[in-house]
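Residue numbers (our numbering), protein chains in the order written: chain A, 3 to 158; chain B, 3 to 158.
2 protein chains.
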Amino acid sequence: MQGKKTELSESDCAIARSLDVIGDWWSLLIVRDARSGKRRFSEFQRNLGLAKNILTTRLKKLVEREILEMAPASDGSAFKEYVLTEKGEKLFVVIVALWQWGEQTCFEPGEMRFTLADNELGETLAPLEVRTQSGRKLGALDFRMIEREIASESKS
Amino acid sequence: MQGKKTELSESDCAIARSLDVIGDWWSLLIVRDARSGKRRFSEFQRNLGLAKNILTTRLKKLVEREILEMAPASDGSAFKEYVLTEKGEKLFVVIVALWQWGEQTCFEPGEMRFTLADNELGETLAPLEVRTQSGRKLGALDFRMIEREIASESKS
DNA sequence: CCGTATCCATTCCGATACTG
DNA sequence: CAGTATCGGAATGGATACGG
């Protein structure tokens, strides 16, 4: 984030690349707010309580990386709004994963205050599960990274 | 990570709390390596290519936050090893989420090199899916955070 | 209202040197 | 091997003042 890690951003590791994009303190929180419908500079600023120059920096980076894109204001004003791209929307899985981990491990028993629920019926979310293609559920240590040997989807 | 955001770490938001723990550049990569079986200081250092003092700081923080714990060396040497706690192991869902997002969006078409596969049969992992308790699959915008109204699990 | 520019404190990072 | 100590540079972060 700060110094360099330029090498790591160019790493083969998808995690390293992801972290290069959203691995700083504010970016994912901005995505969280954008996902929940916030669009305006001042909405982010007020809600997150961060300095305006930092917000500017983050928004620019997120637009550069194609997580957000600028759109004309929906209320007809002259200003722009920031909306998630498709790439940005896909981060919702990461958001849910972080959310669930945080709720499980970062709160005292009586302390939890919010939860995630679906818009339609208000049903709470099920814990994410890691499964193989065939549906077997995996634990934390049950998988590893391998050199790509994915069955080619087409045989020319 | 840097300045303060002390307020946000104390936030009600589980994401903010999670990010306070693993929201910096190196921590999650250390967890990634620990999950894949790395235990020794030098293994992390060599593999990640970060400065030793930074690694020291990160390991300390991760031990403090109970993501890692110290264990006597398995080879009988006088040194310690770092192994994931249960809390730390639970981060594997976050790791998978970031991995999958990175692979989907941060690589050029011909560029992917690694993939995640289960240890037993070498089967690749299925994309994570966000579902409600009843099993309905949700998209990026289909849920929101609400004040906790979870049905109490016990009625005293 | 939406930023940009500037200033300053803190932190992070990398490199190096040093200890046990 | 496993750190600790220190240094300097870069980036982050907060606050504020300023322009469109």
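No residue lacks a Cβ here, since even glycine has one placed at the ideal position from N, Cα and C. Since we're looking at a predicted model, the values are computed, not measured.
Chain-ordered neighbours of ALA99(B) on chain A, where CB pairs are closer than 7 angstroms:
VAL95, VAL96, ALA99
Using the C-alpha atoms, what's the distance from PHE81(A) back to LEU127(B)?
43 angstroms
Starting from GLY25(B), find everything on chain A with Cβ-Cβ shorter than 8 angstroms and list it in chain order.
GLY25, ASP26, TRP27, LEU30
Can you find the residues in the same chain that come closer than 7 angstroms, C-beta to C-beta, to PRO129(A), ignoring five residues on each side of it along the sequence?
GLN102
Provide the residue span of the beta strand (DSSP E) that contains LYS82(B), from first to last.
82 to 86
Confirm, please, whether the CB-CB distance from PHE94(B) to LEU118(A) is below 8 angstroms.
no
Chain B contact residues for ASN243(A), given Cβ-Cβ distances below 7 angstroms
Since the first and last residues shown for chain A are 3 and 158, residue 243(A) lies out of range.
Given ALA13(A), which residues of its chain have a CB within under 7 angstroms of its CB, disregarding the five upstream and five downstream residues?
A quick correction: the sequence has Ser, not Ala, at residue 13(A). Cβ within range, chain order: ARG19.
Of the residues GLU122(B), MET147(B), SER29(B), GLU125(B), which one's Cα is nearest the Cα of ASN121(A)?
MET147(B)
What did DSSP end up calling PRO111(A) once you bin it into helix, strand or coil?
helix
Flag LYS139(B) as yes if its beta-carbon sits less than 8 angstroms from any beta-carbon of chain A, otherwise no.
no
Tell me where the alpha helix (DSSP H) around ASP22(B) begins and ends.
16 to 24
So THR107(A) contacts chain B; which residues on that side make the cut at Cβ distance below 7 angstroms?
LYS89, LYS92
What separation, rounded to the nearest whole angstrom, lies between the Cα atoms of GLU50(B) and LEU31(B)?
Inspection of the sequence shows that residue 50(B) is occupied by Leu rather than by Glu. LEU50(B) and LEU31(B): Cα-Cα distance of roughly 8 angstroms.
I'd like to know if the segment 26 to 43 of chain B and the segment 62 to 82 of chain B are in contact, where contact means that at least 3 CB-CB pairs between them fall below 8 angstroms.
yes
Exposure of LEU140(A), with buried meaning 16 or more beta-carbon neighbours within 10 Å
buried
Classify ARG41(B): buried if its beta carbon has 16 or more other beta carbons within 10 angstroms, exposed otherwise.
buried
Can you tell me whether DSSP reads ILE69(B) as helix, strand or coil?
coil
Contacting residues, own chain, Cβ-Cβ under 6 angstroms from VAL132(A) (five flanking each side not counted):
LEU140
List the residues of chain A whose Cβ lies closer than 8 angstroms to the Cβ of ARG37(B), in chain order.
ALA142, LEU143
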